[in-house]
Amino acid sequence: MKRMILLMLSLLFTLALAQDPPTLESVIASGGADFAGVMNAQDESQQLCSVHKNTLPTEMVADFLTLQKSLIQYPESGELMGDWESGMKIFSDSKTGNCYACHQAVPSEVAAGNVGPMLTNYGQRGTSEAIVKYTYEKIYNAWAYQPCSSMYRAGVNGRIDASQAADIVAFLLTPESPINPALNQP
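Written out as structure tokens, the structure reads:
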């Protein structure tokens with residue numbers, strides 16, 4: 006009996022290996038019409054994150070990051086730091102940035118957010134070209150650095166434009182910004 010069970014398992018394993026891996030389309034179709042409707046309303050990147058439960062297989066990560074980087078648009082001026090006062094408004098506006106939904110930032114502001122990191126004194130990182138570019142790209146498309154992260158792709162999804170992303174960068178990095186009380190000390 007054991008021998009027959011082992012033979013059957015061996016046969017099933019061999020058949021399983023002979024099958025092509027499921028495609029994204031077949032996984033979507035297998036969930037039924039309602040599931041397919043939701044999934045097909047997503048872009049391909051979001052579909053991949055959904056299908057893989059926000060943890061992409063290692064072999065997919067490099068291509069995913071490359072795609073996400075290619076989706077980042079930059080201000081026509083080339084300046085990645087805009088106006089910090091405008092950035093402060095965008096940061097707190099629930100129709101655009103809505104950053105307080107996930108982040109604590111200006112100590113005097115009430116924030117519900119604790120999903121993302123606290124951003125108070127973010128400007129202590131400095132304003133080197135690398136820091137400014139990283140901050141801009143992370144704001145515009147967080148998935149360019151962390152696939153399927155909880156931070157939405159504000160620029161890619163049209164919540165903010167390139168100029169607004171630059172304003173948020175300025176809000177985060179400018180020493181005079183209220184987000185940076187440690188830098189405002191005499």
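The numbering of the sequence shown is this note's numbering, which starts it at 6 and goes up by one.
Where is the CB? At the ideal position from N, CA and C, for every residue including glycine.
All values reported here derive from a predicted model rather than from experimental measurement.
- Per DSSP, reduced to three states, the secondary structure at GLN47 is coil, with no helix or strand assignment.
- The distance from the Cβ of MET86 to that of ALA175 is about 4 Å, consistent with a contact at the 8 Å cut-off.
- For ALA171, the closest C-alpha among the options LYS138, GLN109 and ALA34 is that of LYS138.
- Membership of TYR127 in any alpha helix (DSSP H) is not indicated, and neither H nor E is assigned to it by DSSP.
- For LEU188, the three-state secondary structure derived from DSSP is helix.
- Inclusion of GLU114 and TYR105 in the CB contact set at 9 Å is warranted, their separation being smaller than that value.
- The Cβ atoms of LEU124 and ALA147 lie no closer than 9 Å to each other.
- Counted as a single uninterrupted DSSP element, the alpha helix (DSSP H) harbouring GLY92 occupies residues 89 to 97.
- A direct Cα-to-Cα measurement between ALA34 and GLU142 gives close to 34 Å.
- Per the coordinates, the alpha-carbon of GLU90 lies some 15 Å from the alpha-carbon of ASN103.
- 9 Å or more divides the Cβ of SER97 from the Cβ of VAL120.
- Around the beta carbon of ALA167, a 10 Å sphere encloses 16 or more other beta carbons of the protein chains shown; the residue is thus reported as buried.
- In the three-state DSSP reduction, ASP166 falls in the coil class, being neither helix nor strand.
- Note on MET65: under 16 other CB atoms within 10 angstroms of its CB, so exposed under the neighbour-count rule.
- Per DSSP, the unbroken alpha helix (DSSP H) holding GLU134 starts and ends at 134 to 145.
- Counted as a single uninterrupted DSSP element, the alpha helix (DSSP H) harbouring VAL66 occupies residues 63 to 75.
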